[in-house]
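Participant: I have a structure here, written as structure tokens, and I will follow up with some questions on it.
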Amino acid sequence: MLQRVPFFRLLLALCIGIILYQFIHLSAVILTVALFISATVTASIYISKSTKYRHQHGWLSGLGLFLFIATIGYGLCKYFDHSHAFSYINQKGIFQAEVISSPIEKPKSYQCKIKLLQRFDSLTSQKASGNAIIYFQKDTVVESLHYGDKIIVHAEFKTPDGIQNPNGFDYAHYLKRQGILWNELDVYF
């Protein structure tokens, strides 16, 4: 099957890199070295002038390409997590945010996904990044929020609770895969 569908090998390598990221955390230096070695091995086989050498060591170029694509998958996951990093966790503050989903009505509140843009101090503002879920008290103003609206909120963002019961659902891991690393229950705007 792998001979007939060569694209599957590349997809398999990418998936292995993504899965490895869930279990192994490597530094940027190790990733760079792995990319360099895999690219060098793959390129050296393709550049070689001897067709006999290319034929005998073709598996080596395949292995190098597989390692290269797996490292790309791992690096993309690392970049995704890094781009959603948030340094204001467990700190109350005033934030400017952009609404990225329409509010969903819950029994006692409205749930909304936001993208953080800035955090305001008494005299300055700093760039903030990341996505969060916030819960608004029931109010008619919240119903008028739409995708792309900019809002100012006073909030303290916390990491979501993980597994509460043995073999239970890991809500924090579920949200992390969607790029949401924080939530806030008491929001004022």
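Start counting the sequence shown at 1; every next residue gets the next number (the working numbering).
C-beta atoms are modelled at their ideal positions from N, C-alpha and C, and glycine is treated no differently.
Which residue marks the beginning of the beta strand (DSSP E) containing GLN111, and which one marks its end?
Facilitator: From DSSP, the beta strand (DSSP E) with GLN111 extends over 109-120.
Participant: Compare the C-alpha of ILE45 against each of GLY64, THR159 and ARG119 and name the closest.
Facilitator: The option with the nearest alpha carbon to ILE45 is GLY64.
Participant: I'd like the ranges of any beta strand (DSSP E) spanning at least 3 consecutive residues and lying wholly in the stretch 29-98.
Facilitator: If we require 3 residues or more, the stretch 29-98 turns out to have no beta strand (DSSP E) run fully inside it.
Participant: Taking the alpha-carbon of THR42 as reference, which of ARG177, SER27, PHE68 and THR32 has the nearest alpha-carbon?
Facilitator: Out of ARG177, SER27, PHE68 and THR32, PHE68 has the C-alpha closest to the C-alpha of THR42.
Participant: Are at least three pairs of beta-carbons, each pair with one atom in the stretch 88-95 and one in the stretch 117-135, less than 8 Å apart?
Facilitator: Yes: at least three Cβ pairs fall under 8 Å.
Participant: Do TYR79 and GLY17 have their C-beta atoms within less than 8 Å of each other?
Facilitator: In this structure, GLY17 does not lie closer than 8 Å to TYR79 by Cβ.
Participant: Could you round the C-beta distance between SER109 and HIS146 to whole angstroms and report it? I think they count as a contact, below 8 Å.
Facilitator: That pair is no contact at about 18 Å.
Participant: Could you check where the alpha helix (DSSP H) with TYR21 kicks off and where it finishes?
Facilitator: Start and end: 6-23.
Participant: Between which two residues does the beta strand (DSSP E) carrying TYR135 extend?
Facilitator: Looking at the DSSP string, the run of the beta strand (DSSP E) that includes TYR135 is 131-137.
Participant: Reducing DSSP to helix, strand and coil, say where ALA128 ends up.
Facilitator: DSSP places ALA128 in coil when its eight states are reduced to three.
Participant: Could you tell me the alpha carbon to alpha carbon distance between SER144 and LYS138, rounded to whole angstroms?
Facilitator: Rounded to the nearest angstrom, the two C-alpha atoms are 12 Å apart.
Participant: Please determine whether the Cβ atom of THR159 lies at a distance below 7 Å from any heavy atom of the ligand NAD.
Facilitator: The model depicted lacks the ligand NAD and carries no ligand whatsoever.
Participant: Less than 8 Å between the CB atoms is what I'm expecting for LEU14 and ILE72, so what's the real figure, rounded?
Facilitator: Right, their Cβ atoms sit about 7 Å apart.
Participant: Identify the continuous beta strand (DSSP E) that holds LYS150 and give its terminal residues.
Facilitator: Run containing LYS150: 150-156, per the beta strand (DSSP E) assignment.
Participant: Return the first residue and the last residue of the alpha helix (DSSP H) that TYR147 is part of.
Facilitator: Here TYR147 belongs to no alpha helix (DSSP H), and DSSP marks it neither H nor E.
Participant: Can VAL153 and ILE180 be called in contact, C-beta distance under 8 Å?
Facilitator: No, they are not a contact pair.
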